[in-house]
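Residue numbers (the working numbering): 195 to 331.
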């Protein structure tokens with residue numbers, strides 16, 4: 195069964211992977227959407243996510259056209275481990291982070307050129323908050 199906590203644990207194993215825009219393979223590099231895809235695969239629920247989007251975009255559907263088809267639904271409560279948030283650090287800029295245990299976050303940091311775990315949520319207001327529905331596979 196894929197659960198939010200299992201997703202958080204799987205994401206945690208990707209710490210240190212190189213950053214690469216449009217990256218989908220932990221061996222060669224991940225961007226933040228690639229981090230989500232790799233974590234989902236490691237959690238037992240592989241998904242197909244888009245690639246080829248620009249650094250700046252105004253339409254989130256180019257990034258994640260159908261979160262529901264990936265097993266997510268909108269979350270309206272406090273952030274829990276395994277939740278995904280999309281932040282908006284600037285105009286036409288979006289960034290995805292996955293909540294871990296103990297208030298930590300994992301995300302693909304372009305500036306540091308790797309996937310990092312941080313004690314605080316990366317910069318920017320939360321534009322979207324999703325929670326993985328429990329699924330059987």
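Backbone N, C-alpha and C fix where the C-beta goes; we use that ideal spot for every residue, glycine too.
This structure is a prediction, so every number in the text was calculated from the model and none was measured.
Residue i, buried or exposed, once every other Cβ within 10 Å from all chains shown has been counted against 16
i           : result
residue 216 : exposed
residue 237 : buried
residue 227 : buried
residue 200 : buried
residue 338 : For the chain, the structure presents residues 195 to 331; residue 338 sits outside this window and is missing.
C-alpha distance - residue i paired with residue j, whole-angstrom precision
i           : j           : result
residue 222 : residue 309 : 12 Å
residue 239 : residue 196 : 7 Å
residue 203 : residue 286 : 30 Å
residue 198 : residue 313 : 19 Å
residue 280 : residue 293 : 11 Å
residue 283 : residue 317 : 6 Å
residue 327 : residue 301 : 21 Å
residue 229 : residue 297 : 18 Å
residue 307 : residue 243 : 21 Å
residue 320 : residue 288 : 10 Å
6 Å Cβ shell around residue i - same chain, five flanking residues per side excluded
i           : result
residue 315 : 299
residue 211 : 220, 224, 309
residue 273 : 293
Contacts around residue i, its chain only, beta-carbon distance under 7 Å, and the 5 residues preceding and following it disregarded
i           : result
residue 241 : 231, 234, 264
Of the residues the options, the one placed nearest residue i, counting alpha carbons only
i           : options            : result
residue 322 : 295, 312, 304, 291 : 291
residue 213 : 311, 320, 304, 325 : 304
residue 206 : 276, 262, 244, 250 : 276
residue 325 : 319, 269, 229, 280 : 269
Reduced DSSP category for residue i - H, G, I as helix; E, B as strand; rest coil
i           : result
residue 284 : strand
residue 313 : coil
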